[in-house]
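Enquirer: Structure provided below as structure tokens; questions to follow.
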Amino acid sequence: MSRCKVMAKVSYVLVIDVLKEVTISIKSLGTVIFEPGTYIYIGSANVKNPLARVLRHFKRNKRVKWHIDYLTSAPEARVTTAIVCYGLTEEAIYSTISQLEFVSVTVRGFGSTDCRKHATHLFKLERRKCSIQHLVNLLSEQCKYVEVVASYEDV
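Have a look at this one:
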């Protein structure tokens, strides 16, 4: 069985607004340019307190551990929403999101180094074609329980 399929049963989607172009050097991926727009990131929270893992992404000042930390620490980017899915794996969320017509792969390998069959865990979202509520509804159909966290201010 692949490592992807045995991952956490608590997974999440972050909605990140990049307000202006930002260039970030990510150790394993090189230099990455993020154009302004809305991005969605898929992660897992297989820890005692999954909500704490998710809330960490809203903070700018944190130790950079994962690919997503490089982006969420940048002043040009802001995590606006987290959709926490209890009873749903990263694999299931990836299968759903990667097939949507209003998302596109941004950086190959971003956030998916533990699951090489996934092209990325970071997608660019065409906001004109998809609302955050639509994403919540789509994931709610598959989860045992969904929790939505939103913030429009820096934490």
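For the working numbering, add 512 to where a residue sits in the sequence shown, where the first one is 1. Quick reminder that beta carbons are idealized off the backbone N, C-alpha and C, glycines included.
Is the stretch 575-592 touching the stretch 604-611 in the sense that three or more CB pairs, one from each, lie closer than 8 Å?
Expert: no
Enquirer: With distances taken between CB atoms, is the gap from L650 to T550 smaller than 9 Å?
Expert: For this step, residue 650 is matched to residue 138 along the sequence shown. For this step, residue 550 is matched to residue 38 along the sequence shown. No, Cβ-Cβ distance for L650 and T550 is not below 9 Å.
Enquirer: Select from V534, A557 and E547 the residue whose C-alpha is nearest the C-alpha of I595.
Expert: Translated into positions along the sequence shown, residue 595 becomes position 83. I595 has its Cα closest to that of A557, out of V534, A557 and E547.
Enquirer: DSSP state of V525, grouped into three classes?
Expert: The sequence position of residue 525 within the sequence shown is 13, counting from 1. Looking at V525 - three-state DSSP - the assignment turns out to be strand.
Enquirer: Classify G542: buried if its beta carbon has 16 or more other beta carbons within 10 angstroms, exposed otherwise.
Expert: As a working mapping, residue 542 is identified with position 30 in the sequence shown. With fewer than 16 other Cβ atoms within 10 Å, it is exposed.
Enquirer: Which class does V661 belong to by DSSP, given the choice of helix, strand or coil?
Expert: The residue you call residue 661 lines up with position 149 of the sequence shown. Of the three classes helix, strand and coil, the one that applies to V661 here is strand, per DSSP.
Enquirer: Kindly give me the distance between the Cβ atoms of T593 and V661, rounded to whole angstroms, as I take these residues to be in contact under 8 Å.
Expert: For the purposes of this step, residue 593 is taken as residue 81 along the sequence shown, with counting starting at 1. For the purposes of this step, residue 661 is taken as residue 149 along the sequence shown, with counting starting at 1. So it is a contact: roughly 7 Å between Cβ atoms.
Enquirer: Determine whether the beta carbon atoms of K539 and E588 lie at a separation below 9 Å.
Expert: Mapped onto the sequence shown, residue 539 falls at position 27. Mapped onto the sequence shown, residue 588 falls at position 76. Cβ distance not < 9 Å, so K539 and E588 don't count as in contact.
Enquirer: Which partner residues does G555 have in the DSSP bridge list?
Expert: The sequence position of residue 555 within the sequence shown is 43, counting from 1. According to DSSP, which records beta bridges pairwise, G555 is partnered with Y524.
Enquirer: Can you check DSSP and say which residues form a bridge with Y598?
Expert: As a first step, residue 598 is located in the sequence shown; it is residue number 86 there, counting from the start. In DSSP, Y598 forms a bridge with V522 and Y657.
Enquirer: Assign H579 to one of two classes, buried (16 or more other C-beta atoms within 10 Å of its C-beta) or exposed (fewer than that).
Expert: Locating residue 579 in the sequence shown gives position 67, where the first residue counts as 1. Residue burial is scored here from C-beta neighbours: H579 has at least 16 other C-beta atoms within 10 angstroms and is therefore classed as buried.
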